[in-house]
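Under the numbering used here, the residues of the sequence shown are numbered 437 to 703, in order.
All residues carry an ideal CB built from backbone N, CA and C; glycine is no exception.
Computed from a predicted model, the values in this text were never measured in an experiment.
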Amino acid sequence: MNDTTPSSFRPDLLAGQVAFVTGGATGIGKEICRVLGRHGARIAMLSRREEKLKAAVEELQREGIEAHYAVGDVREPQAVEAAVRDILARFGRIDILVNNAAGNFPAPMSQISPNGFRAVVAIDLLGTYNVSRAVFDAWQREHGGNIVNISAPFELKGAALQAHVAAAKAGVDSLTRTCAVEWGPYGIRVNAVAPGQIEHTEGMQRFAAVVEDSGPGSPLGIAGHGSDIAHAVLFFCSPAARFISGQVIAVDGAATVDQLKLGLGRI
Ligand code: COA
């Protein structure tokens, strides 16, 4: 995925800042790294697979973005704390945290094993808790910053084949609001972006393998790009959003609010 659309933001918007993106080596996470990096942030990423991290860091460095990685699993608090220490030793600050790491496989509730359900909740929800706490304790409590959680637009609806993900992301939305309230006094804004159908992601490929083509996926008649999510993250981290916190914004071409899904086109 390298579908960055031209930016409406000035290129030095995040100059001097450090952005820590979990799951930043692939998919939407890598696009978030690229877009934040193109706006001046130094990038730190965390994920389980070192070869993907290495490749992503090299790719960003070829584009002139300063990037660094730590290997670890967001489910392991001690690994997360070690990663945060490593990033602070390297870059000296963590202004932006993007909780993007997520596990997902499409399956009916009746076929998700307890371990499968637990794995997804542990990555998506506990992982967000683990990393947010570690960054708060080690840096943002003293210095403020931004946290952006990557959620899903499922909170108010049923989501077939996504029982584990929908439950976990509803928890992420709740954490987003609670952290915004508790950490606002520390100068930390906490928001979330809930992506709709985004092209060329592992998640969409897994879905396409089990669900027949359901059309363009939004009333706009298009699917999204990773850079659509990345620019929403960038907006939340920008001074333009200085009074916005505790919000979950769907970036989905109006798919979530399309209750009847009639696909009428221009009427
Ligand atoms: N269907 C049903 N169950 C599945 C599954 C699938 N496609 N994929 C994983 N599971 C189950 C496993 O069977 C296991 O349960 P069990 O022990 O009862 O058999 C459980 O989930 C954990 O799987 P495992 O692979 O051992 O754990 P893991 O922690 O390494 O990885 C995921 C779990 C969910 C993270 C893994 O499936 C994954 O890497 N997904 C890709 C990440 C992704 O798509 N990210 C994009 C998010 S939108």
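If you draw a straight line from the C-alpha of residue i to the C-alpha of residue j, how long is it?
i: Gly-623; j: His-579; result: 8 Å
i: Val-493; j: Gly-552; result: 30 Å
i: Gly-657; j: His-600; result: 28 Å
i: Phe-671; j: Phe-590; result: 22 Å
i: Glu-635; j: His-661; result: 6 Å
i: Ala-686; j: Ser-546; result: 28 Å
i: Ala-647; j: Gly-653; result: One point to set straight first is that residue 647 is Val, not Ala, in the sequence displayed. Roughly 13 Å separates the two Cα atoms.
i: Lys-466; j: Leu-482; result: 11 Å
i: Arg-484; j: Pro-621; result: 33 Å
i: Gln-695; j: Pro-542; result: 22 Å
i: Val-549; j: Lys-605; result: One point to set straight first is that residue 549 is Ser, not Val, in the sequence displayed. Approximately 18 Å, taken between the alpha carbons.
i: Val-573; j: Phe-456; result: The displayed chain sequence assigns Asp, not Val, to residue 573. Rounded to whole angstroms, Asp-573 to Phe-456 spans 15 Å at the Cα level.
i: Arg-554; j: Ala-518; result: 24 Å
i: Tyr-505; j: Ala-480; result: 5 Å
i: Asn-540; j: Arg-577; result: 31 Å
i: Thr-564; j: Cys-469; result: 17 Å
i: Glu-561; j: Pro-442; result: Here residue 561 is Leu; the residue named in the question, Glu, does not match the sequence. Distance between the alpha carbons of Leu-561 and Pro-442: 32 Å.
i: Glu-495; j: Val-471; result: 13 Å
i: Pro-449; j: Gly-689; result: With the sequence shown as reference, residue 449 is identified as Leu, and Pro is not the correct amino acid for it. Spanning the two alpha carbons is a distance of roughly 26 Å.
i: Gly-632; j: Cys-615; result: 24 Å
i: Leu-698; j: His-667; result: 29 Å
Can you name, in chain order, every residue of its own chain whose Cβ lies under 8 Å from the Cβ of residue i, other than the five neighbours on each side?
i: Arg-446; result: His-475
i: Trp-575; result: Val-520, Leu-524, Arg-529, Ile-530, Gly-581
Using C-beta distances below 7 Å, list every residue in its chain close to residue i, excluding the 5 sequence neighbours before and after it, in chain order.
i: Ala-514; result: It should be pointed out that residue 514 corresponds to Gln in this sequence rather than to Ala. If we look at Gln-514 and ignore the five residues flanking it on each side, it has no Cβ neighbours.
i: Val-720; result: Because the chain is modelled from 437 through 703, residue 720 falls outside the range shown and cannot be assessed.
i: Trp-619; result: Phe-572, Val-626
Drop a sphere of 10 angstroms on the beta-carbon of residue i, count the other beta-carbons inside from all chains shown, and report buried for 16 or more, exposed for fewer.
i: Gly-460; result: buried
i: Ile-464; result: buried
i: Arg-478; result: buried
i: Arg-511; result: buried
i: Arg-678; result: exposed
i: Ile-703; result: exposed
i: Ser-444; result: exposed
i: Leu-489; result: buried
i: Ser-681; result: buried
i: Ala-537; result: buried
i: Ala-659; result: buried
i: Leu-700; result: exposed
i: Ser-663; result: buried
i: Thr-612; result: buried
i: Phe-610; result: It is worth fixing the name first, because residue 610 is Ser in this sequence and not Phe. Exposed, by the Cβ-count rule.
i: Val-567; result: buried
i: Ala-676; result: exposed
i: Gly-473; result: buried
i: Leu-592; result: exposed
Once you ignore the five residues that flank residue i on each side, which residues in its own chain have a CB closer than 6 Å to its CB?
i: Ala-451; result: Gly-476
i: Val-454; result: Arg-478, Phe-527, Arg-529, Ile-530, Asp-531
i: Glu-486; result: Val-507
Indicate, with yes or no, if the ligand GTP has a heavy atom lying under 6 Å from the CB of residue i.
i: Ala-543; result: Looking at this structure, you won't find the ligand GTP anywhere; what it does contain is the ligand COA.
Given 8 Å, three or more beta-carbon pairs between the stretch 628-645 and the stretch 572-589
yes
Quick check: the stretch 531-539 against the stretch 491-506, are there 3 or more CB pairs under 8 Å?
no
Answer yes if the stretch 669-683 comes into contact with the stretch 635-645, meaning at least three C-beta pairs across the two stretches below 8 Å, and no otherwise.
no
If you scan the stretch 636-672 from start to end, which runs of the alpha helix (DSSP H) of 4 or more residues do you find wholly inside it?
638-644
Unbroken stretches of the beta strand (DSSP E), 3 residues or longer, contained in the stretch 508-556:
532-535
Those runs of the beta strand (DSSP E) which lie wholly inside the stretch 563-651 and span at least 3 residues:
581-586, 624-631
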